[in-house]
Amino acid sequence: PGTRHGRRGSSIAIVAVLSVAAGCDGSDDASANVVDHAAAFAALVEWQAQEREPVLDDSGEAQLPVIYVVAAEGGTIDVGVQAEVTSATVDMATVRFADEATEAFDDGAEGQPVIDDGSMLLVGPLPEPAPSVVVELLRYLSADESQAFIVEIAADAGSTTSGASVTSVTQP
39 PGTRHGRRGS SIAIVAVLSV AAGCDGSDDA SANVVDHAAA FAALVEWQAQ EREPVLDDSG
99 EAQLPVIYVV AAEGGTIDVG VQAEVTSATV DMATVRFADE ATEAFDDGAE GQPVIDDGSM
159 LLVGPLPEPA PSVVVELLRY LSADESQAFI VEIAADAGST TSGASVTSVT QP
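To convert, count from 1 in the sequence shown and add 38; that's the working numbering.
Here you go:
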């Protein structure tokens with residue numbers, strides 16, 4: 039069930055992100071088997087793209103879902119990370135990064151939906167790279183409709199996108 043949050047009436051709070059780290063032996067091979075920030079964001083986009091119903095254009099053709107990604111702590115997500123995520127997910131979603139959550143909402147439409155029938159992921163702080171990480175996020179479909187999730191992401195050499203995959207999704 040969705041949780042409703044007023045756009046201006048309540049603060050958007052994402053609490054600490056937990057890191058679930060398996061042992062690291064310090065070898066160079068270990069660094070290739072971790073979830074870094076780009077891999078985490080790409081895995082979240084892939085998960086969200088699979089969760090969304092297809093959006094059809096005027097001719098009935100399915101369009102890639104539009105997914106906004108916003109850091110809950112504010113500010114710009116590193117441009118290099120943005121480029122990696124966009125490249126890794128180009129065939130599954132149209133990814134747009136925003137510095138503030140309000141940039142994702144259509145202020146001129148009733149209910150202030152996410153622009154282009156999209157969704158917005160307001161992602162909590164990401165932990166240091168590790169073999170497995172846990173991220174808290176809010177998914178918005180409109181300014182007043184959000185759902186909280188706790189998402190576990192693990193390094194996955196078989197991933198077709200970023201070398202990481204979502205392994206568990208729960209709602210607090």
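Where is the CB? At the ideal position from N, CA and C, for every residue including glycine.
Computed from a predicted structure; not experimentally measured.
- In the three-state DSSP reduction, Ser200 falls in the coil class, being neither helix nor strand.
- In the three-state DSSP reduction, Ser170 falls in the strand class (E or B).
- A Cβ-Cβ distance of about 22 Å is found for the pair Ala192 and Leu160, leaving them out of contact under the 8 Å criterion.
- Nearest neighbour of Ile115 by Cα position, chosen from Val133, Gly98, Phe143 and Asp194, turns out to be Val133.
- Ranked by how close their Cα comes to the Cα of Asp194, the residues Glu122, Val171, Arg90 and Gly146 have Val171 in first place.
- Following the DSSP letters along the chain, one finds Val107 inside the beta strand (DSSP E) bounded by residues Val104 to Ala109.
- DSSP, reduced to helix, strand and coil, places Ser184 within a strand of the structure shown.
- Going by C-alpha positions, Thr205 is about 6 Å away from Glu190.
- Collapsing the DSSP output to three states places Glu91 in coil.
- Val133: member of the beta strand (DSSP E) spanning Thr132 to Ala136, first to last residue.
- Rounded to whole angstroms, the separation of the alpha carbons of Ala80 and Glu183 is 23 Å.
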